[in-house]
Amino acid sequence: MDLRMDEAVPLAAALVSRVAEDHAVRALILKGPPATELGIRSQRPSSDVDLLVERDSLPVMVEALSQRGWRRRPTTHDGEHPLHSVTMYHPQWPSDIDVHYAYPGLESQDSSVFEALWERRRSTTLGARAVWALDPTATYLIQALHALREHNKPINISERRFLISEAPRPDWEDLRDLAQRTGSLGPLRAFAREAYPNADRGTFPAPSLEWLRRTEVTEPGVFRLLHLHSLPWARRPKYVLQGLFPSREQLAATDLRLLDAPARTLALARLRRIARFAMRLPSAGRQWMEQRRQR
Numbered sequence: 271m272d273l274r275m276d277e278a279v280p281l282a283a284a285l286v287s288r289v290a291e292d293h294a295v296r297a298l299i300l301k302g303p304p305a306t307e308l309g310i311r312s313q314r315p316s317s318d319v320d321l322l323v324e325r326d327s328l329p330v331m332v333e334a335l336s337q338r339g340w341r342r343r344p345t346t347h348d349g350e351h352p353l354h355s356v357t358m359y360h361p362q363w364p365s366d367i368d369v370h371y372a373y374p375g376l377e378s379q380d381s382s383v384f385e386a387l388w389e390r391r392r393s394t395t396l397g398a399r400a401v402w403a404l405d406p407t408a409t410y411l412i413q414a415l416h417a418l419r420e421h422n423k424p425i426n427i428s429e430r431r432f433l434i435s436e437a438p439r440p441d442w443e444d445l446r447d448l449a450q451r452t453g454s455l456g457p458l459r460a461f462a463r464e465a466y467p468n469a470d471r472g473t474f475p476a477p478s479l480e481w482l483r484r485t486e487v488t489e490p491g492v493f494r495l496l497h498l499h500s501l502p503w504a505r506r507p508k509y510v511l512q513g514l515f516p517s518r519e520q521l522a523a524t525d526l527r528l529l530d531a532p533a534r535t536l537a538l539a540r541l542r543r544i545a546r547f548a549m550r551l552p553s554a555g556r557q558w559m560e561q562r563r564q565r
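Numbers in my numbering are just positions in the sequence shown, counted from 1, shifted up by 270.
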């Protein structure tokens, strides 16, 4: 199979919609082409499908996709922060599928968030198949939260500018009500004050510490340092060793070829990882101290 990315993403969306239907799973396409269709996302190409399901449906979808040749993408995650999705890849498919049971910035209980978004579903067509996507207000909320994560990245700055200056903005009262139901008023605060300057400033609670870290931390090592500090002393040496000498699967998170690489290649990859960490340690240390002061 030799799919272009602009073919692979719609077909993957159609696939997960069919799989969800076959297993009686309620599933929503969160962003990507449906958001572009509404003019709420810029025309840049999508590289994956973001699917939201209920927490109990996550293992059902992962298993069903596994039976169709999809595999869990390795991750570097080692307990630093809560996981909210499982990423699936296919050896013959250029795009991934991210199966979410939660979404960063939507901080209400997972089941409440899903019901609020499910009420906002709309039907659209991807890969010649009807799929469930989100209405304009919910789409705008998801795109805003996505653009606020790692807020200093150029692509996220560009997306926020697009949302404020070019995308059709939903009615503030409608967006506010959805944000209240999904627990995203705090995370949305900085963006909403710019996009909706007349909104009542007393509406917004303070963002959570977890959200502030998602938006402010640019060095991945910071999360490991913060998690290390939270562990009992007896567990810290093992965690440090795991960070310095990660498993084959963790190394393969950035290069799938390492899953089957010989021992020498794996050793070189570990050395390069340590070298990268050493180079970025001063910056990570500064950010770590800043985050410690915010606690």
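Think of the CB as a built atom: it goes at the ideal place given N, C-alpha and C, for glycine as much as any other residue.
Bridge partner(s) assigned by DSSP for residue i
{"i": "Ser-355", "result": "His-370"}
{"i": "Leu-376", "result": "According to DSSP, Leu-376 bridges with nothing at all."}
{"i": "Ile-299", "result": "Leu-321"}
{"i": "Val-401", "result": "Thr-394"}
Burial state of residue i (16 or more Cβ within 10 Å)
{"i": "Phe-515", "result": "exposed"}
{"i": "Ser-435", "result": "exposed"}
{"i": "His-416", "result": "buried"}
{"i": "His-360", "result": "buried"}
{"i": "Gln-337", "result": "exposed"}
{"i": "Ser-517", "result": "exposed"}
{"i": "Met-358", "result": "buried"}
{"i": "Trp-243", "result": "An answer regarding residue 243 cannot be provided, because it is not within the stretch 271 to 565 covered by the chain."}
{"i": "Pro-475", "result": "exposed"}
{"i": "Pro-502", "result": "exposed"}
{"i": "Pro-580", "result": "Any question about residue 580 goes unanswered here, given that the chain covers just 271 to 565."}
{"i": "Thr-524", "result": "exposed"}
{"i": "Ser-382", "result": "exposed"}
{"i": "His-370", "result": "buried"}
{"i": "Thr-345", "result": "exposed"}
{"i": "Pro-532", "result": "exposed"}
{"i": "Gln-557", "result": "buried"}
{"i": "Lys-301", "result": "buried"}
{"i": "Gly-513", "result": "buried"}
{"i": "Leu-445", "result": "buried"}
{"i": "Val-487", "result": "buried"}
{"i": "Met-331", "result": "buried"}
Distance between beta carbons of residue j and residue i, contact taken as under 8 Å
{"i": "Leu-298", "j": "Ala-403", "result": "7 Å"}
{"i": "Leu-396", "j": "Pro-280", "result": "4 Å"}
{"i": "Ala-334", "j": "Val-289", "result": "5 Å"}
{"i": "Glu-560", "j": "Thr-485", "result": "No, Glu-560 and Thr-485 are not in contact; Cβ-Cβ is about 13 Å, not under 8 Å."}
{"i": "Arg-390", "j": "Thr-407", "result": "7 Å"}
{"i": "Leu-376", "j": "Thr-452", "result": "4 Å"}
{"i": "Val-319", "j": "Val-286", "result": "6 Å"}
{"i": "Arg-471", "j": "Ala-284", "result": "Contact flag wrong, Cβ pair sits at about 43 Å."}
{"i": "Ala-545", "j": "Leu-528", "result": "With 8 Å as the limit, Ala-545 and Leu-528 do not qualify as a contact, their Cβ atoms being about 16 Å apart."}
{"i": "Met-275", "j": "Ser-365", "result": "6 Å"}
{"i": "Tyr-466", "j": "Trp-442", "result": "5 Å"}
{"i": "Ile-367", "j": "Leu-321", "result": "6 Å"}
Under the three-state DSSP convention, the category residue i falls into
{"i": "Arg-556", "result": "helix"}
{"i": "Gln-387", "result": "First, the amino acid is wrong: residue 387 is Leu here, not Gln. Looking at Leu-387 - three-state DSSP - the assignment turns out to be helix."}
{"i": "Thr-488", "result": "coil"}
{"i": "His-360", "result": "strand"}
Distance cut-off 7 Å: residue i Cβ against heavy atoms of the ligand NAP
{"i": "Phe-515", "result": "Absent from the structure shown: the ligand NAP. Ligands present: none."}
**Asked** Taking the runs of the beta strand (DSSP E) that are 3 residues or longer, which of them lie wholly in the segment 313 to 345?
**Response** 318 to 323
**Message:** Give the list of continuous alpha helix (DSSP H) stretches no shorter than 4 residues that lie fully inside the segment 429 to 517.
**Reply:** 442 to 452, 455 to 465, 479 to 486, 490 to 500 and 506 to 514
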